[in-house]
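Position one of the sequence shown corresponds to residue -6 (our numbering), numbered consecutively onward. These notes are about the structure you will find just below.
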Amino acid sequence: MKYAANYVKSAAAILSSFKNESPFSIYLKAYFAANKKFGSKDRKFIGQLCYQYFRTGKSLADLPTEEAIRVAVFLCNEQPNDWGGLFSEAWIEAWSPALSERIAIVQKEIPDFKSELIFPFEKWISKSIDFKLFNESHLIQPYLFIRIRPGRLQNVLKALDKANIAYRSISNNCLALANGTKLEGIGEVDKDFVVQDYSSQQTAVLMEPAKKLRKGKDASIDIWDSCAASGGKSILARDVLGNINLTVSDVRKTIIQNLISRFQRAGIRQFDSVIVNLSEPVQSPELQHKTFDLIICDAPCSGSGTWGRTPEQLSFFNTEHIQEYQKTQESIVTSVFPKLRPGVYFLYITCSVFEAENEGIVQYISQSIPTAELISQQLIAGFEKRADSMFAALFRKQD
């Protein structure tokens, strides 16, 4: 590529100015808006270099930034593609499509490279995780996953084939596509399909037990999506459980407004929405006299299982925040659990891999809530499928 070296210099300048005061995607967009000299092709390639640099975490922290970017390109790509001009003939000849071989080459050629610092938080992660595989997975960009909604599969598949968009079928209704795939014209988003990570889709299995709570064929199940955010788990619950009386809540007004728009696209018309801070005892009049058959608590967390999509956090995350998140999660659980009816279910979810936010909260619930009976818990190792990693635990409130 003619301008490869210039792109590296531009990427290094951007990286040196980024202070993590906003997500890097937002910062990069603002940077390019303020610097009109970069065309669309320039923005594409410079952005790639920045993200590949972030994917290496702190493993190349001892190298000058431009050199670290070059090594990151080698680690993150199965072949040189457009970047061959950045490398000597020896590096090009050594290039392997196998990630393990590329890592071995860098370890041999760059003594300062510390592969274990790609994800520099090993001491905090859940013990069930294969750290080596998880650590190295950050060098690979995750897929874009979509979940086909009931009755829409054939329409979406035909549209994808017509548009010549490649995809992999992960399950009957889960497809993996290349990250950045444009989905315009493939159907109506949220009506025909939802953009939802593979691991997030797997939490449907833990919703299934709530089906047996239905007291008749047409009876509904009362569900509270207590930390609803964009509403993805609510739409999933609707598709898995059918007829539900849905209540959604979040502490942020703008999030609830966006969720309402999304529900309209998804065909969810009947629901109650509440703006409430659940880190304090529930005082909201809208929730005061309600109880539920299933409470979904997709708790605010570090998001450490999703840093393959926001790799800047590998460099900037402060581990002091783990305890802050844990305290918030404990407060939320304490607030919402009493709203369960006896004999029904509480589903705790995070997109974190940190033990304190996952198994630590399970332990907290088991010790501090006498009526909480743990049914199952699992770390969903999405990194094995180029997806996010998540944690989910299902409790039953004893009669």
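Ideal placement from N, C-alpha and C gives every residue a C-beta, glycine not left out. The model shown is predicted, which means the values in this text are computed figures rather than measured ones.
Looking at the structure shown, is residue i part of a helix, part of a strand, or coil, going by DSSP?
i     : result
N148  : helix
S128  : Sequence inspection shows Asn at residue 128; the Ser mentioned does not correspond to that position. It is helical.
D190  : coil
Y341  : strand
C220  : coil
C69   : helix
R207  : coil
P16   : coil
A169  : strand
F310  : coil
F47   : helix
G178  : coil
R161  : strand
T303  : coil
F256  : helix
L280  : coil
E317  : helix
D55   : coil
F327  : Looking at the sequence shown, residue 327 is not Phe but Thr. If DSSP states are grouped into helix, strand and coil, T327 belongs with the helices.
R95   : helix
F112  : coil
P202  : helix
A(-2) : helix
L271  : coil
S89   : coil
Q134  : coil
Which residues does DSSP list as the beta-bridge partners of residue i?
i    : result
I141 : F186
E366 : R389
C290 : Y341
Q371 : A385
F347 : I118
N28  : The partner list for N28 (beta bridge, DSSP) is empty, contrary to what the question assumes.
L403 : What is shown of the chain runs -6 to 392, which leaves residue 403 out entirely.
F285 : L333
With 16 as the cutoff for other CB atoms within 10 Å, does residue i come out buried or exposed?
i    : result
H314 : exposed
K210 : exposed
F114 : buried
E102 : exposed
A169 : buried
R231 : buried
E348 : buried
D105 : exposed
S119 : buried
D243 : buried
T299 : buried
P135 : buried
S18  : exposed
A156 : exposed
S382 : buried
Q257 : exposed
A83  : exposed
G260 : exposed
K390 : buried
A212 : exposed
Q100 : exposed
D159 : Per the sequence presented here, residue 159 reads as Ala, with Asp not at that position. The residue is exposed, with fewer than 16 neighbouring Cβ atoms inside 10 Å.
Contact check, residue i vs residue j under 8 Å by CB: the rounded distance?
i     : j    : result
I253  : S266 : 6 Å
V329  : S219 : 5 Å
Y0    : L42  : 6 Å
I341  : A292 : Inspection of the sequence shows that residue 341 is occupied by Tyr rather than by Ile. The pair is a contact, with the Cβ atoms about 7 Å apart (cut-off 8 Å).
A(-3) : D75  : 7 Å
A380  : Y191 : 4 Å
D286  : L206 : 5 Å
K226  : I289 : 5 Å
G178  : N148 : In fact, because the Cβ distance is near 12 Å, the residues do not count as touching under 8 Å.
Q322  : E350 : 6 Å
R48   : A65  : 6 Å
L229  : Q194 : 7 Å
Is residue i close to the ligand PLP? I mean its beta-carbon at under 7 Å from any heavy atom of the ligand.
i    : result
L271 : In the structure shown, the ligand PLP is absent, as is every other ligand, since no ligand is present at all.
Is there contact between the stretch 333 to 352 and the stretch 264 to 280, where contact requires at least three CB pairs shorter than 8 Å?
-> The stretch 333 to 352, when compared against the stretch 264 to 280, does not touch it at the 8 Å Cβ threshold.
Cβ contact (3+ pairs, closer than 8 Å) linking the stretch 64 to 72 and the stretch 91 to 109 | Yes, since at least three Cβ pairs between the stretch 64 to 72 and the stretch 91 to 109 fall closer than 8 Å, the two stretches touch.
At least 3 beta-carbon pairs within less than 8 Å: the stretch 125 to 141 vs the stretch 101 to 112 | These segments touch.
Pairing CB atoms from the stretch 357 to 375 with CB atoms from the stretch 303 to 314, are three or more of them under 8 Å?
-> Verdict: no, contact absent.
Mind the definition here: the stretch 174 to 189 touches the stretch 132 to 148 only if three or more C-beta pairs lie below 8 Å; say whether that holds.
-> They touch, by the three-pair rule.
For the stretch -5 to 12 and the stretch 31 to 47, state whether three or more C-beta atom pairs, one from each stretch, are separated by less than 8 Å.
-> Yes, the stretch -5 to 12 is in contact with the stretch 31 to 47.
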